[in-house]
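Trainee: When the letters of the sequence shown are read in order and numbered with mature numbering (1 follows the signal peptide of the UniProt record, and there is no 0), they come out as residues -26 to -1, 1 to 254.
Virtual Cβ for every residue (Gly too), placed ideally from N, Cα, C.
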Amino acid sequence: MKKDQLLTRLLTRRRALIAGAGAVGAAATAGVITTVTGDGPAASAPAAGPKARPVRSSAYRLQPVTGYGPPRAAPRRTLVRREAPLKVSGRGRTMVLTFDDGPDPRFTPDILDTLAEYDVRAMFFVCGEMVAGGRKLLARMADEGHVVGNHTWSHPLLTRLTRRRIRSEMERTSNVIEDAYGERPEWFRAPYGAWNRAAFQIGAELGMEPLGWTVDTLDWTTPGVRSIANRVEHGAAPGVVVLSHDAGGDRSQSVRALRRYLPELLDSGYHVTVPRRHYA
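(1) Going by DSSP, what residues sit across from W127 in a beta bridge?
(2) Identify which residue in E103, G167, L86, G107 has its Cα closest to the Cα of M97.
(3) Within a Cβ cutoff of 7 Å, which residues of the same chain sit near E214, ignoring the five residues on either side of it in sequence?
(4) Let's test the definition: count the other Cβ atoms within 10 Å of the Cβ of V105 and tell me whether it reaches 16, buried, or not, exposed.
(5) Going by Cα to Cα distance, which pick from T247, G243, R230, S242 is closest to V216?
(6) Are the C-beta of V100 and some C-beta of chain B separated by less than 8 Å?
(7) As an exercise, report each continuous alpha helix (DSSP H) stretch of at least 4 residues that is fully enclosed by the region 70 to 122, in chain order.
(8) Thinking just about the alpha-carbon of each residue, which of V150, S128, P159 is nearest to the one in P165?
(9) DSSP three-state call for A(-4): helix, strand or coil?
(10) Pair every Cβ in the region 125 to 142 with every Cβ in the region 166 to 174, then say whether three or more of these pairs are closer than 8 Å.
(11) Alpha carbons only, please: which of V199, G223, L112, R138 is nearest the one belonging to I176?
(12) Please name the residue in L240, M115, G223, S218 whose C-alpha comes closest to that of A231.
(13) Buried or exposed, going by whether 16 or more other CB atoms sit within 10 Å of the CB of A210?
(14) Report the three-state DSSP secondary structure of S201 (helix, strand or coil).
(15) V229 to P197, Cα distance in whole Å?
(16) Go through its chain and collect everything with a Cβ distance to Y92's Cβ below 7 Å, but skip five positions before and after it.
(17) Candidates A203, C101, Y244, R146: which alpha carbon is nearest Q227's?
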């Protein structure tokens, strides 16, 4: 046999071996994809040679990659305060409007309407027993960007209650707020501003920050629309927290006073907003 003929035969045989190995590899790959995707077995002719041992499908299952993904955030911790802040920090002429004791279907909607008219956000410290009949109002507060805080369930004087009763008042209210508002409250206010060590501790355990007030409108005494508005306008200053009420009695004066002093504050350059939490 000539040298050229021998070389041609060897090359032809080598090509055949490579083609056969490629076919076997393709069949094996098709089997892996079928297992991962959950499709039925591939319809192909059996490969020549000894029958390969079946590989368990579990050998091809994709394993989770633990080295990727966002890092786990450290749990947020709420400090136990010894007193409730009376003002908020913020840049410029920033003020916060707060409304206690609601929601009340007679007055809260009018307050929300006025806030919406001027595109202003406020805080509502609600009582659990009032939320039971005003869930739609809390849903509206959530939709319009207002902050809902915990004002206990039945508005008791906390300093006269046991720790167990204080926890019950706060925890029940947080639960009903979460159900109606969509989130658990991050702020709480003691009725009558009567704080004690147990209230601060339990509030922190429930993930809430206390907040007092700087200017009391005394609207609960129904002193008149002009008197309420004057207290807000004369007390206005950067960081001031204004206390008003949207329930607990006839709050029609509070509703009308808001319509008077809110545009005055905005025209004077104040930015009426809600505070942000600072976690440890």
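Mentor: Taking the geometry as given:
(1) In the sequence shown, counting from the first residue as 1, residue 127 sits at position 153. The bridge partners DSSP lists for W127 come to none.
(2) Locating residue 97 in the sequence shown gives position 123, where the first residue counts as 1. Checked all of E103, G167, L86, G107; the closest Cα to M97 is L86.
(3) Start at 1 with the first residue of the sequence shown, and residue 214 comes out as number 240. Going by the sequence as given, residue 214 is Val instead of Glu. Correct list, in chain order: K61, M69, T188, V189.
(4) For the purposes of this step, residue 105 is taken as the residue at position 131 of the sequence shown. That one is buried.
(5) Residue 216 sits at position 242 when you count from the first residue of the sequence shown. Per the C-alpha coordinates, the member of T247, G243, R230, S242 positioned closest to V216 is T247.
(6) The structure shown contains no chain B; it is built from a single protein chain.
(7) Contiguous alpha helix (DSSP H) elements confined to the region 70 to 122 occur at 82 to 91, 102 to 105, 109 to 117, taking only those with 4 or more residues.
(8) Sequence index remark: in the sequence shown, residue 165 carries index 191 (1-based). If you compare the alpha carbons of V150, S128, P159 with that of P165, the shortest gap goes to S128.
(9) In the sequence shown, the residue the question calls residue -4 occupies position 23. At A(-4) the pLDDT is 42, less than 50, meaning the model places this residue with poor confidence and gives no usable figure here.
(10) Yes, they touch.
(11) The residue you call residue 176 lines up with position 202 of the sequence shown. Residue R138 is the option with its Cα nearest to I176.
(12) Position 257 of the sequence shown holds residue 231. Checked all of L240, M115, G223, S218; the closest Cα to A231 is S218.
(13) Here residue 210 refers to the residue found at position 236 of the sequence shown. With 16 or more other Cβ atoms within 10 Å, it is buried.
(14) Reading the sequence shown from its first residue, position 227 is the one you call residue 201. DSSP, read as helix, strand or coil, puts S201 in helix.
(15) Here residue 229 corresponds to residue number 255 of the sequence shown, with the count starting at 1. Here residue 197 corresponds to residue number 223 of the sequence shown, with the count starting at 1. When the Cα atoms are used, V229 and P197 turn out to be separated by approximately 13 Å.
(16) Position 118 of the sequence shown holds residue 92. Close CB contacts of Y92 within its chain, under the 7 Å cut and outside five residues either way in sequence, are with L236, P237, L240 (chain order).
(17) To locate residue 227, count along the sequence shown from 1; it is residue 253. Nearest in C-alpha terms to Q227, of all of A203, C101, Y244, R146, is A203.
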